[in-house]
Amino acid sequence: MATTPLASTYFDFYPAPHHKRARLLDQSRGGQASKWLRWMRTNVLMPLNKIPVVSSSLVPPWIELPGDVTANILQRLGAEEVLRSAQAVCTTCWKVSKDPLLWRVIDFSNPRQGLFNDEYNAMCRCAVDRSQGQLVDLTIQYFGDNALMDYVANRSPSLTRLKLGTCVFISGYCAKRTVAKLRQLEELHLTLRPWIGAVQIQDIGYSCPLLKSFSCNGLKCKLRRYEDIIHNDRFRNAYALAISKSMPNLKNV
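Just so you know, we're using this note's numbering here: the sequence shown kicks off at 416 and counts up by one.
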């Protein structure tokens, strides 16, 4: 499935020369990089003036790694680091990064993502495209909008777990509409706008008969007056009733 033009702007692969590979690996080290990548940066990608002259027939050691080992390394780095840098380290990494199995679990939960909403929307679309419909677990925090959720729902028929954390640009109505397309959901966690109503929660429950774990939190605010507390209790009771009616198979709430 082709990526959107915006996604391609950020994540097209190019054959990286040695000095750029070193920079890309530096970026990986700054995040959640593995010990293997730190070792490779120190012992393999030495400064250019220290690289010995060797036969051109020698193969860089990371290219000789088995595909499953490379996949394990990329999986531990996470979706963001793979798309930003690790996929461009070598041809092997690029080929493995295109494997749909690598994208069955996608986790975007870096707090700084909220500062670059459009960029992370494009990155998430690219990751969903690479899953080729095999995505089963998706976490989005601090970014996202209604259009992104429609994009995910239309391309992820196998999704069983969805977490939307502090997604202030995704409306409750959109959540209801998109979740209705995800009939295989077993786990759903929402932190959206304050007003995702009890009726919407009930509709979500009826749309997802396999749901076993559910949580929903609006944006928190302090209740100063007694009248506000009573009013809030009524809302909670309405939500509890909606959950009990529409989600009979819940084990965690």
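Just so you know, even glycine gets a beta-carbon here, dropped at the ideal spot from N, CA and C.
For residue i and residue j, I'd like the C-alpha separation in whole angstroms.
| i | j | result |
| --- | --- | --- |
| L579 | L626 | 16 Å |
| K591 | Q615 | 6 Å |
| V511 | R540 | 18 Å |
| A562 | A657 | 27 Å |
| L638 | D648 | With a pLDDT of 42 at L638, under the threshold of 50, the modelled position of this residue cannot be trusted, and the question is left open. |
| I601 | V543 | The residue you asked about is not Ile; residue 601 is Glu in the sequence shown. Distance between the alpha carbons of E601 and V543 is about 19 Å. |
| A655 | W518 | 35 Å |
| N632 | Q599 | 22 Å |
| P420 | N652 | Residue confidence for P420 is low, a pLDDT of 46 falling below 50, so the modelled location carries little weight; the figure read from the coordinates is stated next. Taking the straight line from one Cα to the other gives about 46 Å. |
Identify the residues that DSSP records as bridge partners of residue i: which are they?
| i | result |
| --- | --- |
| K578 | T554, H604 |
| N664 | For N664, which the question treats as bridged, DSSP gives no partner whatsoever. |
The beta strand (DSSP E) that contains residue i, what's its start and end?
| i | result |
| --- | --- |
| S628 | 628 to 632 |
| V520 | 520 to 523 |
Exposed or buried, residue i, counting other C-beta atoms within 10 Å across all chains shown (16 or more means buried)?
| i | result |
| --- | --- |
| S630 | exposed |
| Y621 | exposed |
| S659 | exposed |
| T485 | buried |
| V668 | exposed |
| S573 | exposed |
| F523 | buried |
| D533 | exposed |
| L577 | buried |
| D618 | buried |
| G493 | buried |
Mind checking which residues open and close the alpha helix (DSSP H) that includes residue i?
| i | result |
| --- | --- |
| M538 | 532 to 546 |
| C589 | 587 to 594 |
| V614 | 613 to 622 |
Can you tell me the Cβ-Cβ gap for residue i and residue j, rounded? I've got them flagged as a contact below 8 Å.
| i | j | result |
| --- | --- | --- |
| Y557 | T581 | 5 Å |
| L597 | Q549 | Between Q549 and L597 the Cβ distance is about 14 Å, and since that is not below 8 Å, they are no contact. |
| T593 | M564 | 4 Å |
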